[in-house]
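Data first, discussion second: the structure below is written as structure tokens.
Protein chains in written order, with this note's numbering: chain A, 19 to 354; chain B, 465 to 923.
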């Protein structure tokens with residue numbers, strides 16, 4: 019009996035320890051009594067202003083802000099849906115699946131465009147594009163690629179410059195990387211040719227945009243593909259070393275989305291937080307809360323390239339489909 | 465024929481109300497039927513379109529299944545799910561089975577028990593506590609040495625469907641309300657056009673004068689012809705019976721009065737001839753008895769005539785003053801014989817509307833009474849004034865009415881205790897009272913301070 023108890027405790031500990039938190043910070047309100055638990059794939063530094071402005075108007079709350087990569091957020095939240103109140107993630111497909119499977123509760127009375135929400139439960143509040151980011155110095159004597167095709171050409175022409183110095187998401191780890199990759203593959207065959215070339219030039223794989231940008235800035239990488247341009251633009255410290263290029267053929271644009279957990283015990287506070295997040299981003303695009311592009315940025319021109327919030331997103335989350343895709347991706351990008 | 469208080473017919477429900485209730489009831493039932501039929505039909509169509517899309521999704525999934533190197537692979541097409549996008553962002557669940565083991569999808573999505581394994585199965589159920597519509601189909605894949613059955617099932621929540629249904633139901637309710645109001649308006653129109661001829665017949669009968677018993681000749685709807693025929697027959701019979709009554713009254717008056725007058729004149733002549741006092745006495749009482757009979761007969765006939773006329777008054781403008789003056793002129797010789805003075809006190813003219821024959825009759829009876837009960841060397845005052853209401857009053861200086869009998873004196877054949885020595889039938893006040901009632905007026909009876917009787921005929 020005792021062993022069983024120990025085993026259960028160990029198992030429980032293992033469960034709790036399962037997530038590798040990149041960061042965890044408790045934001046305290048002035049008279050914080052209750053704590054709202056937010057898990058997010060957005061770096062604390064970027065998200066902090068919006069939390070602080072929320073706590074200013076709601077001083078009786080604290081916010082426990084935990085950061086992990088989007089895939090971990092998904093699996094952790096599915097495992098412990100009652101441990102978190104608000105889930106913020108860049109992986110739209112995983113977020114939509116959470117809502118579809120009943121893990122979110124609707125937030126009523128939010129004026130939000132129809133295309134930026136799903137079931138009144140999942141709300142997009144930024145528009146961020148997958149970009150090509152280059153190290154300016156390395157491209158001094160090279161033509162700067164404007165599209166995937168030009169990227170293929172420049173890499174093919176200069177294998178020595180690029181070998182081992184190309185970066186992209188490891189789609190097996192990163193939910194956002196997988197989303198971008200699958201949407202790329204849907205849109206064009208060019209994606210697979212690009213992956214073949216990148217594979218042959220020993221591409222480095224990353225979990226997150228932040229790490230890629232660091233390596234671009236310090237010259238480890240010359241070019242990286244499908245990086246969040248918004249992250250790169252937000253980094254003022256490296257602004258003179260890197261350049262963000264929006265692929266002119268088709269920029270995949272995702273929405274950072276948030277949902278309120280259906281099992282939250284802080285429904286009222288979580289709803290308040292959601293409203294703050296959504297409305298401040300939608301109705302007041304000039305607010306300096308988050309240094310990420312608001313929804314309105316792309317409203318006029320290229321709305322068609324915004325990844326649509328519809329059940330189609332769940333197709334690539336199908337186990338078999340995912341396995342097929344990853345097998346293909348691995349065979350392209352990981353070459354002996 | 466009594467005094468006219470039961471003239472109105474007894475109503476047992478209204479034909480109009482019955483029609484209104486029936487027609488509106490029918491309209492309401494039809495409207496409800498319309499609403500439910502539309503709703504059921506819309507629900508069926510909406511469900512069918514959801515089924516079609518789910519079916520297409522299942523087909524797309526099954527078509528993507530292949531056997532590669534002996535292993536079943538299903539490369540889900542993006543469209544399989546994106547086609548399920550709805551206005552209300554309905555949730556989607558699915559599962560793919562190889563024979564009976566799950567290949568991919570939601571483990572606990574219930575797979576329907578299937579009768580025919582080849583065709584698609586549609587069912588409604590619940591999953592994760594929400595209502596869903598689920599379509600399941602399967603397909604056999606033939607490999608090198610295996611036959612594998614792939615079963616795919618796709619389920620979708622019904623938020624959009626119920627939204628559509630609510631919209632349709634609301635519209636159907638609006639249309640239903642519109643149709644209902646229209647039906648009510650049409651019903652009201654139909655009812656008034658149906659009731660119309662009946663109303664016109666009623667009016668034309670009511671408008672007739674009292675003597676008009678001619679048959680109704682205006683054309684009426686077929687259904688009313690029997691009623692009108694019966695009415696015409698009834699009026700004809702009435703006409704005949706009235707004519708007979710009038711003839712009878714005239715005949716009776718003639719037959720009774722003429723012989724009495726003859727007997728009286730013989731008796732008077734005989735009185736002139738006999739000298740023996742006891743014979744004269746006998747003759748005098750005979751003459752008095754004859755007078756009494758003659759007067760009684762006259763009053764009985766008057767009374768009969770009043771009862772007959774009271775139900776169909778022949779209204780004419782009458783000047784009460786002229787009428788009273790004429791009586792005074794006519795009766796003054798008779799009054800002089802009893803040393804009674806007839807005094808008249810009137811307005812210029814007092815016009816009333818009434819049946820001249822009846823009013824003359826009533827006034828004559830009242831003055832007769834006054835003459836009868838007045839002692840000699842007294843006066844009878846006749847007053848006719850228009851205010852406060854037109855009235856004619858007759859005051860004498862006799863003994864007046866016995867106080868305790870005033871209430872019952874107008875009864876038929878009732879006579880006061882003090883009338884024993886006077887000729888009379890007891891019909892005079894009754895006649896005056898009936899005439900007053902027939903004209904919608906009253907007859908008030910009382911005594912003056914000096915003790916004389918005072919009778920006032922109010923219009």
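Note that CB positions come from ideal geometry on N, CA and C, so glycine has one too. Because the structure is a prediction, the values reported are computed rather than measured.
Judged by DSSP in its simplified three-state form, residue 850 of chain B adopts coil rather than helix or strand. Runs of the alpha helix (DSSP H) lying entirely within the region 161 to 187 of chain A, each at least 4 residues long, are 166 to 175, 177 to 180 in chain order. Listed along the chain, the chain A residues whose CB falls inside 7 Å of the CB of residue 542 of chain B are 204, 330, 333. Linking residue 693 of chain B to residue 892 of chain B through their CA atoms gives a straight-line distance of about 42 Å. For residue 45 of chain A, DSSP records a beta bridge to A:81. Taking all protein chains shown into account, residue 646 of chain B has fewer than 16 neighbouring C-beta atoms within 10 Å of its C-beta and is therefore exposed. Unbroken alpha helix (DSSP H) stretches of 4 residues or longer found wholly inside the region 200 to 236 of chain A: 208 to 218, 227 to 235, given in chain order. In this structure the region 264 to 275 of chain A does not lie against the region 184 to 192 of chain A, because fewer than three pairs of beta carbons, one per stretch, are closer than 8 Å.
It is roughly 14 Å from the alpha-carbon of residue 626 of chain B to the alpha-carbon of residue 555 of chain B. The Cβ atoms of residue 846 of chain B and residue 798 of chain B do not sit closer than 7 Å to each other.
7 Å or more divides the Cβ of residue 139 of chain A from the Cβ of residue 59 of chain A. Assignment of residue 598 of chain B by DSSP, reduced to helix, strand and coil, places it in the strand class.
Of the residues assessed, residue 311 of chain A falls on the buried side of the cut-off, its CB having 16 or more other CB atoms within 10 angstroms. Look at residue 547 of chain B here: in three-state DSSP terms it is coil, with no helix or strand label. Cβ-Cβ separation between residue 632 of chain B and residue 503 of chain B: approximately 7 Å, consistent with a contact (criterion under 8 Å). Residue 243 of chain A sits buried, since 16 or more C-beta atoms from the chains shown fall within 10 Å of its C-beta.
Taking the Cα positions, residue 79 of chain A is about 4 Å away from residue 50 of chain A.
CA-to-CA, the gap between residue 825 of chain B and residue 783 of chain B works out to about 15 Å. For residue 679 of chain B, the CB contacts under 6 Å within the same chain, skipping 5 residues up- and downstream, are 696 in chain order. Taking the CA atoms as reference points, residue 66 of chain A sits about 17 Å from residue 87 of chain A. For residue 556 of chain B, the neighbours in chain A by C-beta distance under 9 Å run, in chain order, 118, 329, 332.
Shortest Cα-Cα distance from residue 137 of chain A to any of B:623, B:513, B:599, B:918 involves B:623. The beta carbon of residue 248 of chain A lies closer than 6 Å to those of 146, 310, 311 in the same chain, with the five residues before and after it left out. Shown here, residue 132 of chain A sits in a helix according to DSSP, grouped into three states.
Assignment of alpha helix (DSSP H) within the region 95 to 142 of chain A, counting only whole runs of 4 or more residues, yields 110 to 118 in chain order. Using a 10 angstroms sphere on the CB of residue 269 of chain A, the tally of other CB atoms reaches 16 or more, which defines it as buried. When Cβ-Cβ separations below 7 Å define contact, residue 55 of chain A makes no contact with chain B. Contact of residue 339 of chain A with chain B by beta-carbon distance below 7 Å involves 539, 540. Residues of the region 559 to 570 of chain B with a C-beta atom less than 9 Å from some C-beta of chain A are 560, 567, 568, 569, 570, listed in chain order. If you draw a straight line from the Cα of residue 771 of chain B to the Cα of residue 484 of chain B, it is about 43 Å long.
DSSP lists B:855, B:906 as the beta-bridge partner residues of residue 922 of chain B. Residue 777 of chain B and residue 913 of chain B have their C-alpha atoms roughly 36 Å apart. Neighbours of residue 136 of chain A in chain B, taken as residues at a C-beta separation under 9 Å, are given in chain order as 553.
The Cβ atoms of residue 324 of chain A and residue 271 of chain A sit closer than 7 Å to each other. Nearest neighbour of residue 160 of chain A by Cα position, chosen from A:151, A:175, A:148, turns out to be A:175. Using a Cβ-Cβ distance cut-off of 8 Å, the region 533 to 540 of chain B and the region 558 to 570 of chain B are in contact, since at least three pairs of beta carbons, one from each stretch, lie closer than that value.
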